[in-house]
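K.L.:
Number of protein chains: 2
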Amino acid sequence: MNQEECIWPAGFRAAGLSAGIKSNGAPDFAMLRMDHGAVAAAMFTTNLFAAAPVQISRQHLHNSRGHASVLVVNSGCANATTGPHGYADAQTIGDCVAQECGCAHEAVLMNSTGIIGKRLPLANMLKCVAPLSQRCVEGSVEPFARAIMTTDTRVKMSTRLVATHSAPIRVTGVTKGAGMIHPNMATMIAVITTDAALEPHELDAMMRVAVEQSFHRISIDGDTSTNDCVFAFASAQRAAAADHKELQRAFCEVARDLAHMIVCDGEGFTRAFEVRVRGAASAADALAVSKTVATSMLVRCAITGGDPNWGRLLAAAGRSGAKLDPSLLTLRVGDISLYHNGQPTETSKEIAAAEFSKPNVMIEFHLGLGLHDDFFISSGMTQEYVKLNSEYST
Amino acid sequence: MNQEECIWPAGFRAAGLSAGIKSNGAPDFAMLRMDHGAVAAAMFTTNLFAAAPVQISRQHLHNSRGHASVLVVNSGCANATTGPHGYADAQTIGDCVAQECGCAHEAVLMNSTGIIGKRLPLANMLKCVAPLSQRCVEGSVEPFARAIMTTDTRVKMSTRLVATHSAPIRVTGVTKGAGMIHPNMATMIAVITTDAALEPHELDAMMRVAVEQSFHRISIDGDTSTNDCVFAFASAQRAAAADHKELQRAFCEVARDLAHMIVCDGEGFTRAFEVRVRGAASAADALAVSKTVATSMLVRCAITGGDPNWGRLLAAAGRSGAKLDPSLLTLRVGDISLYHNGQPTETSKEIAAAEFSKPNVMIEFHLGLGLHDDFFISSGMTQEYVKLNSEYST
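Rendered as structure tokens:
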């Protein structure tokens with residue numbers, strides 16, 4: 001989809017600017033305003049070192065019973081593991097934003113992304129709150145999307161329209177990556193907005209279904225950061241009700257677009273791959289096999305090299321903990337069957353290599369044990385990933 | 001310890017030669033003979049795609065109720081995911097070995113290590129069984145150790161003596177690595193031998209204690225292979241009984257030596273690191289924190305770069321699932337405290353970097369929650385690892 005067309009739904013205004021957090025002067029402070037308020041939902045990192053802004057957002061969302069008027073996100077510094085001082089910094093910024101936007105404290109949600117263990121440049125950021133608030137405009141998502149980037153190489157946004165009997169409802173999402181190379185910066189943040197009218201519990205459920213099928217089915221390196229968050233907002237600026245199934249589908253599509261953009265971004269990115277599992281004995285088994293194979297270091301290295309080392313796929317499945325019967329299992333890569341009925345097929349290495357070298361490698365396990373399917377998406381592990389993450393903080 | 005001195009205990013003879021499995025003509029077929037028989041124990045991979053020789057060894061050990069006369073190991077080919085044909089190949093080799101050595105079928109244990117999904121060169125190997133058997137000699141472990149190597153860069157063996165009232169008892173171990181760079185080749189194989197007299201259940205228990213403190217506390221890449229095995233043999237060729245505690249200690253020391261050699265071997269190896277956890281609320285928590293931190297890709301990349309990015313250590317601990325209270329936690333790297341009582345210390349980046357750049361980085365978490373300690377050892381993730389594993393089969 002053309003990213004020029006990616007605009008906010010009705011009821012949202014946003015801006016981004018440089019508050020001097022990033023040393024290179026790139027935009028690093030973003031604000032999203034809901035002038036008429038919005039129903040809000042969020043999913044927060046399960047990491048016990050949840051960053052100060054995550055702790056505050058969780059509390060605010062609880063106090064407001066699922067409502068918010070403004071979201072601020074900074075990049076370049078995660079404000080995580082910064083102790084009571086870092087917590088006070090985040091509170092001060094939240095108070096300043098509430099005052100500037102004329103809303104209650106708990107109507108402010110926030111997050112930070114960037115290096116862990118560093119304090120925010122508080123004075124600089126406080127000076128930027130008023131200009132940031134004043135610059136907020138309707139329309140393009142791009143300034144907000146750019147200001148939340150860390151080492152992402154491109155902005156990540158997606159939008160869908162859902163027909164109603166009058167003006168269509170819009171669902172727009174924006175994210176920043178835990179891309180190939182920047183998982184510590186990382187801290188995946190996504191924001192999904194709509195002008196539909198939804199109750200807090202409806203928005204929450206819709207977000208969770210979408211996240212389960214998107215951000216929860218990708219992996220960069222298995223590290224859950226201190227700052228991972230998905231926020232969802234519904235502004236109720238479209239009177240007409242959308243069919244909930246259609247709206248859910250739009251949420252899922254936007255979330256999947258964003259998740260795919262995260263996987264495919266990053267210097268050193270070579271190729272994405274998807275592991276599909278069919279016929280597992282249980283839903284948990286279907287997920288276990290797809291996730292274990294997709295996150296195996298050896299599989300991910302082989303994918304980078306376009307190396308048809310399919311034994312690694314079976315070895316990863318075999319250690320997943322899922323119920324498997326090798327004699328019933330079929331393994332396909334692209335259009336080629338490589339293992340069938342308990343033994344390798346007679347596929348030549350050249351033919352297999354062609355499938356492993358496609359830009360998007362499709363791996364499919366048929367377990368033949370039941371009715372449960374699942375999938376997981378990841379990308380090849382590259383030397384650049386290691387290089388960049390070996391030198392990150394210095 | 002000087003590896004020249006590394007000899008087999010009394011009652012063991014061994015040899016290695018080239019059976020043409022490896023294309024470069026290096027030794028790839030090894031035999032260990034126990035002429036008077038031996039009590040035997042083994043731990044096998046939990047991978048559901050356990051290789052044919054692993055399945056056969058498991059069955060033989062069960063049938064013999066913990067006794068064996070000969071172990072054969074080949075490198076260069078794992079004979080895994082090779083279906084009924086691969087299983088028949090392994091059986092044929094086992095039968096040939098039993099005939100040559102004049103022992104029962106179930107007195108033969110075996111394993112293979114190397115690439116997954118390929119058949120063994122059966123005819124070549126059968127021709128080599130007689131010469132291999134004839135070449136078996138007492139003394140140096142080196143020929144056996146060399147013939148089980150895959151991409152290991154050096155042989156790995158260790159020995160200890162345990163005093164008795166007459167001749168000392170010897171414990172000797174040999175292993176091949178799932179080193180930094182060769183985890184698919186990998187398939188860690190270790191053999192621990194002693195001339196002590198032990199019942200099968202005693203040997204089994206002694207092996208398991210030693211493995212728990214050594215091979216179960218190291219990680220290269222989290223992939224459990226189709227061929228991982230530890231074998232232990234006791235030949236009862238020393239009449240004097242050793243103190244069981246002393247013998248157990250020798251088993252543990254030999255196993256730890258071997259585990260450390262595995263971590264430190266491999267092209268591209270930069271440095272090892274150890275994560276120690278003290279004061280966890282439970283034994284499971286102590287292991288969860290140490291293992292999660294030691295196996296985090298981001299931590300391992302930082303270690304390679306000597307990058308004092310300690311936020312990654314806390315982030316990994318925070319997602320381990322263990323009970324943690326940031327306000328009670330202290331993180332030390334080497335002699336330096338980096339996080340204490342819920343906040344970062346004032347340590348300069350230079351001082352921290354010096355600790356992260358040592359050849360053996362020591363990371364210590366004090367959780368302040370209970371009495372449980374544990375540890376885990378790993379090595380920095382390197383670009384060479386990714387490069388080699390991207391190109392492995394082609």
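Going down the list, the sequences are from chains R and B.
Going by this note's numbering, the first sequence opens with residue 1, and the numbers climb by one from there.
Going by this note's numbering, the second sequence opens with residue 1, and the numbers climb by one from there.
Positions of the beta carbon are idealized from the N, C-alpha and C atoms, including for glycine.
#1: Given that residue 387 of chain R touches chain B, what residues does it touch there, using C-beta distances under 8 Å?
#2: Please report the residue range of the beta strand (DSSP E) in which residue 13 of chain B lies.
#3: With a threshold of 6 Å on Cβ separation, who are the neighbours of residue 310 of chain B within its own chain once the five nearest residues in sequence on each side are excluded?
#4: Say whether chain R places a C-beta atom closer than 9 Å to the C-beta of residue 140 of chain B.
#5: Could you check if residue 360 of chain B is buried or exposed, using at least 16 other CB atoms within 10 Å of its CB as the buried criterion?
#6: Quick check on DSSP: helix, strand or coil for residue 285 of chain R?
#7: What whole-angstrom Cβ distance do residue 137 of chain R and residue 145 of chain R have, given they're in contact under 8 Å?
#8: Less than 6 Å between C-beta atoms, sequence neighbours within five positions excluded: which residues of the same chain meet that for residue 355 of chain B?
#9: Under 8 Å, with one C-beta from each stretch per pair, do the segment 122-141 of chain B and the segment 39-56 of chain B reach the 3-pair mark?
#10: Residue range of the alpha helix (DSSP H) that residue 39 of chain B falls in?
#11: Identify the residues that DSSP records as bridge partners of residue 165 of chain B: which are they?
#12: Check distances from the C-beta atoms of the segment 29-48 of chain R to those of chain D and list, in chain order, the residues that come in under 9 Å.
#13: Around the Cβ of residue 117 of chain B, are there at least 16 other Cβ atoms within 10 angstroms (buried) or fewer (exposed)?
#14: Closer than 9 Å by beta-carbon distance: list the chain B residues that pair up with residue 151 of chain R, in chain order.
#15: State whether the segment 73-85 of chain B contacts the segment 97-108 of chain B, with contact taken as three or more CB pairs (one from each stretch) at a distance under 8 Å.
#16: Pop quiz: residue 380 of chain R and residue 270 of chain R are said to be a contact at Cβ under 8 Å. What is the actual Cβ separation, rounded to whole angstroms?
#17: Hey, residue 132 of chain B and residue 15 of chain B are a contact pair by Cβ (cut 8 Å); roughly how many whole angstroms apart?
#18: Report yes or no: is there a C-beta of chain B within less than 9 Å of the C-beta of residue 343 of chain R?
#19: For residue 355 of chain B, report the span of its alpha helix (DSSP H) as first-last.
#20: Straight-line CA distance for residue 247 of chain B to residue 299 of chain R?
#21: What is the DSSP secondary structure of residue 343 of chain B, reduced to helix, strand or coil?
#22: Quick one: residues in its chain with C-beta nearer than 8 Å to the C-beta of residue 130 of chain R, no 5 flanking neighbours on either side, listed in chain order?
#23: Taking only beta-carbon atoms, is residue 84 of chain R less than 9 Å away from chain B?
#24: What is the C-beta distance between residue 320 of chain R and residue 289 of chain R, in whole angstroms, given that I count them as a contact (C-beta under 8 Å)?
#25: Please state whether the Cβ-Cβ distance between residue 44 of chain B and residue 228 of chain B is less than 9 Å.
#26: So, for residue 63 of chain B: in the same chain, excluding its five sequence neighbours on each side, which residues have a beta-carbon less than 6 Å away from its beta-carbon?
#27: Going by DSSP, what residue range makes up the alpha helix (DSSP H) through residue 304 of chain R?
#28: Could you say which of B:292, B:308 and B:273 lies nearest to residue 115 of chain R if we only look at CA atoms?
#29: Using only the alpha-carbon positions, how far apart do residue 25 of chain R and residue 128 of chain R sit?
#30: Work out the CA separation of residue 111 of chain R and residue 58 of chain R for me, nearest whole Å.
#31: Name, please, each residue of chain R whose Cβ falls closer than 9 Å to the Cβ of residue 326 of chain B.
#32: Could you work out which residues of chain B lie near residue 278 of chain R, taking near to mean beta carbons separated by less than 9 Å?
#33: What does the Cβ neighbour count give for residue 325 of chain B, buried or exposed, with the cut at 16 atoms within 10 Å?
#34: List the whole-angstrom C-beta distance separating residue 29 of chain R from residue 42 of chain R, where the pair is believed to meet the contact cut-off of C-beta under 8 Å.
#35: Measuring only the C-alpha atoms, how far is residue 219 of chain R from residue 61 of chain B?
#36: Taking residue 304 of chain R and residue 225 of chain B to be in contact with their CB atoms under 8 Å, please state how far apart those CB atoms are, rounded to whole angstroms.
P.N.:
This is what the structure gives:
#1: Under the 8 Å cutoff, chain B gives 383.
#2: According to the DSSP assignment, residue 13 of chain B belongs to the beta strand (DSSP E) that extends over 13-17.
#3: 338
#4: no
#5: exposed
#6: helix
#7: Residue 137 of chain R to residue 145 of chain R, Cβ: 14 Å. No contact.
#8: 333, 334 and 336
#9: Put simply, the segment 122-141 of chain B does not touch the segment 39-56 of chain B. Fewer than three CB pairs are less than 8 Å apart.
#10: Run containing residue 39 of chain B: none in the alpha helix (DSSP H); it sits in the beta strand (DSSP E), 29-44.
#11: DSSP output for residue 165 of chain B lists no bridge partner at all.
#12: Reference to chain D is not applicable here, since the protein chains of this structure are R and B.
#13: buried
#14: Going along chain B, no residue has its Cβ under 9 Å from residue 151 of chain R, so there is no contact; the nearest lies around 13 Å.
#15: no
#16: 4 Å
#17: 6 Å
#18: yes
#19: Under the DSSP assignment, residue 355 of chain B falls in the alpha helix (DSSP H) whose first and last residues are 349-356.
#20: 40 Å
#21: strand
#22: Correct list, in chain order: 100.
#23: Interface annotation, residue 84 of chain R: in contact with chain B, CB-CB separation under 9 Å.
#24: 5 Å
#25: yes
#26: For residue 63 of chain B, the CB contacts under 6 Å within the same chain, skipping 5 residues up- and downstream, are 106 in chain order.
#27: 297-305
#28: B:308
#29: Looking at the backbone, the Cα of residue 25 of chain R and that of residue 128 of chain R are separated by about 14 Å.
#30: 10 Å
#31: 48, 49, 81 and 83
#32: Simply none; closest approach about 18 Å.
#33: exposed
#34: No, residue 29 of chain R and residue 42 of chain R are not in contact; Cβ-Cβ is about 20 Å, not under 8 Å.
#35: Taking the straight line joining both Cα atoms gives about 40 Å.
#36: Wrong, their Cβ atoms sit about 20 Å apart, outside the cutoff.
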